[in-house]
Amino acid sequence: MRTILCVVTLIAWVSSVVLGQGIKFEKGTWSEIQTKAKKENKFIFVDAYTTWCGPCKYLRKKVFPLKEVGDVYNQHLVSYELDMEKGEGVAFAKKYQVTSYPTLLYFDPQGNLVHIVKGSGGAAKIIDAARQALDPKTQLMAQQRRYKAGARENDFLKRYIKALSLANEPYDKPLSAYLAQQEKANWAKPENWKIIEAYLKRTTSKEFNYILDNRASFAQVLGKKIVSQYLIKSLNEDAMNVPHSEREQALIDYRKKVKMVFPPEEAKEAIARKEYLYYLPDEKKSLKYARKFLDHTNDEIALLYAAWMYTNKYTDLEHLNSALHWINRAIKLKRNVDNLNAKVGLLLKMKRYKQAYPVAQEVVTLAKKEVKSFVQKAQKQLEEIEAKL
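If you want our numbering, it's the 1-based position in the sequence shown plus 531.
In structure tokens:
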């Protein structure tokens with residue numbers, strides 16, 4: 532009898548530990564989940580995912596199982612996982628306009644959508660998302676209603692901008708409203724500069740241009756390094772983030788603004804990189820601008836990507852020889868399995884089997900040291916090349 536009691540106690544203890552080690556996702560239909568939440572008077576959390584989404588896998592493997600995340604979610608929410616490409620997920624995605632992954636949706640106990648967060652993140656972000664969803668002051672949908680009703684208090688606008696950003700929704704108008712309520716002389720104050728650094732990314736906006744034109748004044752308060760880093764980061768991220776019809780003018784503006792902020796050599800490379808990306812879809816101009824950037828950059832990842840893309844896209848020697856030049860530059864910068872294997876693929880495309888063979892041999896050797904999961908595939912590739920010699 533004592534043995535049975537010990538076993539029962541052990542099972543109960545193990546169960547409590549397991550339940551406390553992360554988010555407990557409920558099984559059942561969406562209707563059943565809603566019924567359960569209403570009965571228990573709990574909010575609902577839905578992890579809207581797809582099987583191929585890398586950031587979704589990260590959340591499910593690295594974040595959702597954490598105890599601190601589970602402690603918050605299991606106490607306050609009924610949690611549910613739903614594949615957006617299977618079963619009920621297809622209709623769910625259509626109804627709630629889920630078009631990017633992961634999307635985290637939060638519903639009140641009555642089944643009304645109250646909050647959305649998009650993208651991956653660590654435990655702090657996921658816990659914060661739940662707390663925002665549970666608080667009517669920070670729920671996205673509640674804040675949208677308040678904004679439409681005319682609310683423009685500073686604290687409210689800051690919360691609303693943050694919520695829109697986390698939902699990957701446009702926040703230019705509330706951000707402009709917030710900054711318009713601050714004296715420009717106060718933009719460099721810590722509470723305002725924090726907002727600017729985090730959210731003012733549209734480099735065609737009047738607010739950004741004001742900071743750019745008055746960068747010396749901002750530098751006197753914040754320091755030249757902080758202001759320059761902000762301007763450079765914003766310019767790099769936003770240059771192509773405009774509608775297609777406006778991209779030509781955006782590129783012209785980018786060239787002008789970069790020269791104002793970057794040292795000459797850095798400006799030259801930054802402009803070459805953006806021109807390369809801008810003209811990538813243009814069959815007539817893409818190679819010219821690719822060479823202008825890739826023949827001089829030391830960005831090994833950019834060189835690898837370009838070589839891989841050209842290998843898959845083109846068959847003519849002009850493009851393939853350029854790709855060979857770039858992958859050789861990448862290998863010179865970093866001699867690893869990815870770069871060497873990309874060269875093998877390119878040489879095979881060009882039917883240069885004798886040149887490909889020793890490179891394929893090196894891929895096998897390096898894979899045994901660095902990427903053991905790739906050894907079998909690398910060995911098979913080597914044997915196939917050998918058969919063609």
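Even glycine gets a Cβ: it sits at the ideal position worked out from N, Cα and C.
Asked                                                                                                    : Found
First through last residue of the beta strand (DSSP E) which encompasses T634                            : 634-638
Y611, DSSP secondary structure in three states                                                           : strand
Three-way DSSP call (helix, strand, coil) for I554 in this model                                         : coil
Unbroken beta strand (DSSP E) run spanning V577, endpoints                                               : 574-580
Those residues which DSSP pairs with Q644 across a bridge                                                : Before going on, a small fix: residue 644 reads as Leu here, not Gln. L644 pairs with F638.
Alpha helix (DSSP H) segments (min. 4 residues) lying fully within the segment 790-829                   : 795-809, 817-825
Pick from K819, V577, P795 that is closest to Y611, judged by C-alpha positions                          : V577
Reduced DSSP secondary structure (H/G/I, E/B, other) of K593                                             : helix
Alpha helix (DSSP H) segment containing M881, residue limits                                             : Here M881 belongs to no alpha helix (DSSP H), and DSSP marks it neither H nor E.
Which residues DSSP lists as bridging K649, in chain order                                               : T634
Buried versus exposed call for D813 [16 or more other C-beta atoms within 10 Å across all chains shown]  : exposed
Per-residue DSSP class, three states only, for L920                                                      : coil
Reduced DSSP secondary structure (H/G/I, E/B, other) of V902                                             : coil
Closest Cα partner of H646 within the set A694, E616, N859                                               : A694
Same chain only: Cβ atoms within 8 Å of N699, ignoring 5 sequence neighbours per side                    : S631, K649, G650
Touching by the beta-carbon criterion (3+ pairs, under 8 Å), the segment 552-570 and the segment 586-596 : yes
Through-space distance from S736 to Q663, alpha-carbon basis                                             : 29 Å
For S526, the nearest candidate out of Q760, P889, N740, A719 (CA to CA)                                 : Shown here, the chain extends from 532 to 920; a query on residue 526 therefore has no answer.
Minimum length 4: unbroken alpha helix (DSSP H) runs contained in the segment 690-738                    : 703-711, 721-730
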